[in-house]
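Trainee:
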Ligand SMILES: Nc1ncnc2c1ncn2[C@@H]1O[C@H](COP(=O)(O)OP(=O)(O)OP(=O)(O)O)[C@@H](O)[C@H]1O
Ligand SMILES: [Mg+2]
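Residue numbers (my numbering): 7 to 377.
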């Protein structure tokens, strides 16, 4: 018998988290269907009735004794390893995570994106790179072993990063899975890395597919800053494994986006084959944005409006700032006034009101992070 390390025993005795998965029956009985869990809370209570007090390690089988006697669950994650199940152990079924991801995929990811490349104004460099990715998504075989795999979009907020990723999906028949990195962080050990692998599993099944991870800095933070977000190293490691293509995921391309590329974990950063910068719109881009979006106003734009002058004033504004802080506000003011057109004064007052906010934002030291 091994000597007991009492100190370790004390801290590591009880199971905090246990993730199990269906392992099925040990033999064919005529009763082969996997039991369906209807109420997860009740299920947790029910299995605890049977398992509290048991010592469990990763890989162990835990049997149901009552409803489906002999049906086995396999322990996938035990935290801490080799510990005793108690009333306060949190027990998860692995499928719960699948459900969670699938739900999100259903809600957000599978939206029909109608936005096209041509809707994204400016960003020539980013668009040319995306043309290559587009070619790849249309014909992955053409690229052999040289497929685009990991691309980073970076630049100030509201410059069209998400928009371009969506355009890429809508211009090809590729599926796009858009996920905000914070949604990948799990509540317990192992959940985050499991989420990453599931995301890639989903993408592989639906290839050609783009995985778009927005705000990648939320997980792939440089180790110096990781304390800010808690321990995300398991997600970072899982992501690195997938980015390296240890499992060959054919037809899957990762695009990650961030406003702050220089706080990214170096191991992750070095795996992006290309870092594509999104820049603030120049004068002609701003004018294009103004012209394009005012055409979609529900009431006419006064022909006295000088869009060129406004475009000049909007130096330092992102596409989103122009649309949300100037054009939308101007329209609302005009509607509130019951004017039958959007006038210069509405646009100018919206611009003036937003000017300080934008200037302050641009002067923040955080601005340096964009580069
Ligand atoms: N280059 C652009 N061309 C046309 N519209 C743009 C452009 N950039 C931004 N916009 C407008 O701003 C909105 C926000 O853009 P988007 O979500 O793509 O920004 P982002 O770069 O992903 O920002 P964040 O870093 O905050 O996620 C778009 O839906 C669009 O209305
Ligand atoms: Mg975005």
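Heads up, the beta-carbon is just placed ideally off N, CA and C, and yes, glycines get one too. Every value quoted in this text rests on a predicted model; they were computed, and no experiment measured them.
What do you get for residue 205, buried or exposed, if any count of 16 or more other CB atoms within 10 angstroms of its CB means buried?
Mentor: For the purposes of this step, residue 205 is taken as residue 199 along the chain shown, with counting starting at 1. Buried, because 16 or more other Cβ atoms sit within 10 Å of the Cβ of residue 205.
Trainee: Quick test of your reading: residue 168 and residue 223, contact by CB under 8 Å. State the CB separation rounded to the nearest angstrom.
Mentor: Residue mapping note: residue 168 aligns to position 162 of the chain shown, counting from 1. Residue mapping note: residue 223 aligns to position 217 of the chain shown, counting from 1. Actually they are not in contact, since the Cβ atoms of residue 168 and residue 223 sit about 15 Å apart, beyond 8 Å.
Trainee: Does the beta-carbon distance from residue 80 to residue 27 come in below 8 Å?
Mentor: Counting from 1 along the chain shown, the entry for residue 80 is found at position 74. Counting from 1 along the chain shown, the entry for residue 27 is found at position 21. Yes.
Trainee: Whose C-beta lies closer than 6 Å to the C-beta of residue 20 among residues of the same chain, with five residues either side of it excluded?
Mentor: For the purposes of this step, residue 20 is taken as residue 14 along the chain shown, with counting starting at 1. These residues qualify, in order along the chain: 89, 90 and 92.
Trainee: For ligand 1, any of its heavy atoms closer than 7 Å to the Cβ of residue 329?
Mentor: Taking the first residue of the chain shown as position 1, residue 329 is located at position 323. Checking every heavy atom of ligand 1 against the Cβ of residue 329, one is found closer than 7 Å.
Trainee: Shortest alpha-carbon distance to residue 357 belongs to which of 175, 336 and 164?
Mentor: Taking the first residue of the chain shown as position 1, residue 357 is located at position 351. Checked all of 175, 336 and 164; the closest Cα to residue 357 is 336.
Trainee: Pop quiz: residue 172 and residue 279 are said to be a contact at Cβ under 8 Å. What is the actual Cβ separation, rounded to whole angstroms?
Mentor: One-based indexing of the chain shown puts residue 172 at position 166. One-based indexing of the chain shown puts residue 279 at position 273. Not really, about 21 Å apart at Cβ, beyond 8 Å.
Trainee: With distances taken Cα to Cα, identify the nearest neighbour of residue 66 among 84, 95, 72 and 50.
Mentor: Residue 66 sits at position 60 when you count from the first residue of the chain shown. Selected option, being the one with the closest Cα: 84.
Trainee: Roughly how many angstroms separate the alpha carbons of residue 378 and residue 276, rounded to a whole number?
Mentor: Outside the displayed span of the chain (7 to 377) sits residue 378, for which this structure offers no information.
Trainee: Enumerated in chain order, which unbroken segments of the alpha helix (DSSP H) with a length of 4 residues or greater are wholly contained in the stretch 257-342?
Mentor: Segments of the alpha helix (DSSP H) lying fully in the stretch 257-342: 272-275, 289-300, 313-319 and 335-342.
Trainee: Quick check on residue 133: does DSSP put it in helix, strand or coil?
Mentor: Looking up residue 133 in the chain shown gives position 127. Residue 133: helix per DSSP, three-state reduction.
Trainee: According to DSSP, is residue 382 part of a helix, a strand, or is it coil?
Mentor: The chain is shown from 7 up to 377; residue 382 falls before or after that span and cannot be answered.
Trainee: State yes or no: is the C-beta of residue 174 within less than 8 Å of the C-beta of residue 140?
Mentor: If you number the chain shown from 1, residue 174 lands on position 168. If you number the chain shown from 1, residue 140 lands on position 134. The answer is yes: Cβ separation under 8 Å.
Trainee: Can you tell me whether DSSP reads residue 7 as helix, strand or coil?
Mentor: On the chain shown, position 1 is the one that residue 7 refers to. Legend: pLDDT at residue 7 = 40, less than 50; position of this residue unreliable, value from coordinates given subsequently. DSSP places residue 7 in coil when its eight states are reduced to three.
Trainee: Rounded to the nearest angstrom, how far is the Cβ of residue 176 from that of residue 238, given a contact under 8 Å?
Mentor: Along the chain shown, one-based indexing puts residue 176 at 170. Along the chain shown, one-based indexing puts residue 238 at 232. The pair is not a contact, with the Cβ atoms about 31 Å apart (cut-off 8 Å).
Trainee: Once the 5 residues before and after residue 24 are set aside, which same chain residues still bring their CB inside 8 Å of it?
Mentor: Numbered from 1 along the chain shown, position 18 holds the residue referred to as residue 24. Excluding sequence neighbours, residue 24 sits near 62, 81, 83, 84, 85, 91, 95, 96, 97 and 98.
Trainee: How would you label residue 115, buried or exposed, when you count the other beta carbons within 10 angstroms and need 16 or more for buried?
Mentor: Working through the chain shown from its first residue, we reach residue 115 at position 109. For residue 115, the pLDDT reaches just 45, beneath the cut-off of 50, and the residue's location in the model is therefore unreliable, although a value from the coordinates is still provided. Residue 115 should be labelled buried.
Trainee: As an exercise, report each continuous beta strand (DSSP E) stretch of at least 3 residues that is fully enclosed by the stretch 39-98, in chain order.
Mentor: Qualifying beta strand (DSSP E) stretches, in chain order: 67-69 and 78-85.
Trainee: I want to check one thing, is the minimum distance from the CB of residue 254 to the heavy atoms of ligand 2 below 7 Å?
Mentor: For the purposes of this step, residue 254 is identified with residue 248 of the chain shown, where counting begins at 1. Residue 254 Cβ: outside cutoff for every heavy atom of ligand 2.
Trainee: Less than 8 Å between the beta carbons of residue 219 and residue 180, yes or no?
Mentor: The count along the chain shown starts at 1 and reaches residue 219 at position 213. The count along the chain shown starts at 1 and reaches residue 180 at position 174. No.
Trainee: Comparing alpha-carbon positions, which option in 123, 245 and 159 lies nearest residue 198?
Mentor: Mapped onto the chain shown, residue 198 falls at position 192. Per the Cα distances, 245.
Trainee: Under the assumption that residue 225 contacts residue 190 (Cβ atoms under 8 Å), give the Cβ distance between them as a whole number of angstroms.
Mentor: Taking the first residue of the chain shown as 1, we reach residue 225 at position 219. Taking the first residue of the chain shown as 1, we reach residue 190 at position 184. Contact flag correct, Cβ pair sits at about 6 Å.
Trainee: Which value, in whole angstroms, describes the spacing of the CA atoms of residue 352 and residue 123?
Mentor: Here residue 352 refers to the residue found at position 346 when the chain shown is read from its first residue. Here residue 123 refers to the residue found at position 117 when the chain shown is read from its first residue. Cα to Cα, residue 352 sits roughly 30 Å from residue 123.
Trainee: Let's test the definition: count the other Cβ atoms within 10 Å of the Cβ of residue 57 and tell me whether it reaches 16, buried, or not, exposed.
Mentor: In the chain shown, residue 57 corresponds to position 51, counting from 1. Under this definition residue 57 is a buried residue.
Trainee: The beta strand (DSSP E) spanning residue 26 covers which residue range?
Mentor: Taking the first residue of the chain shown as position 1, residue 26 is located at position 20. Run containing residue 26: 23-30, per the beta strand (DSSP E) assignment.
Trainee: Return helix, strand or coil for residue 217, following the three-state DSSP convention.
Mentor: In the chain shown, the residue the question calls residue 217 occupies position 211. Three-state result, residue 217: strand.
Trainee: Please tell me whether residue 287 and residue 150 are closer than 8 Å, where the distance is taken between their beta carbons.
Mentor: Start at 1 with the first residue of the chain shown, and residue 287 comes out as number 281. Start at 1 with the first residue of the chain shown, and residue 150 comes out as number 144. Cβ atoms of residue 287 and residue 150: not closer than 8 Å.
Trainee: Applying the 10 Å Cβ sphere with the 16-neighbour rule, what's the burial state of residue 159?
Mentor: As a working note, residue 159 is residue 153 in the chain shown. Buried: at least 16 other Cβ atoms inside 10 Å.
Trainee: For ligand 1, any of its heavy atoms closer than 7 Å to the Cβ of residue 284?
Mentor: Here residue 284 refers to the residue found at position 278 when the chain shown is read from its first residue. The answer is yes for residue 284.
Trainee: Cβ-heavy atom distance between residue 168 and ligand 3 below 7 Å?
Mentor: No copy of ligand 3 appears in this structure; the ligands present are ligand 1 and ligand 2.
Trainee: Is residue 263 near ligand 2, judged by its Cβ being under 7 Å from some heavy atom?
Mentor: The residue labelled residue 263 in the question sits at position 257 within the chain shown. Within the cutoff, so yes.
Trainee: Indicate whether residue 228 and residue 291 have their beta-carbon atoms separated by less than 8 Å.
Mentor: Against the chain shown, residue 228 aligns to sequence position 222. Against the chain shown, residue 291 aligns to sequence position 285. No. Outside cutoff.
Trainee: Quick check on residue 114: does DSSP put it in helix, strand or coil?
Mentor: Your numbering for residue 114 matches position 108 in the chain shown. Caution is warranted here: a pLDDT of 48 is assigned to residue 114, below 50, making its placement in the model unreliable, and the coordinate value is therefore given only provisionally. Reduced to three states, the DSSP call for residue 114 is helix.
Trainee: Looking at residue 310: is its Cβ nearer than 8 Å to the Cβ of residue 350?
Mentor: Here the question's residue 310 lines up with position 304 in the chain shown. Here the question's residue 350 lines up with position 344 in the chain shown. Their beta carbons are under 8 Å apart, which means residue 310 touches residue 350 by this criterion.
Trainee: Just checking my contact of residue 300 with residue 293 at CB under 8 Å: how many whole Å lie between their CB atoms?
Mentor: Reading the chain shown from its first residue, position 294 is the one you call residue 300. Reading the chain shown from its first residue, position 287 is the one you call residue 293. So it is not a contact: roughly 11 Å between Cβ atoms.
Trainee: Taking a contact to mean a Cβ-Cβ separation below 8 Å, would you say residue 138 touches residue 166 in this structure?
Mentor: Taking the first residue of the chain shown as 1, we reach residue 138 at position 132. Taking the first residue of the chain shown as 1, we reach residue 166 at position 160. The answer is no: Cβ separation not under 8 Å.
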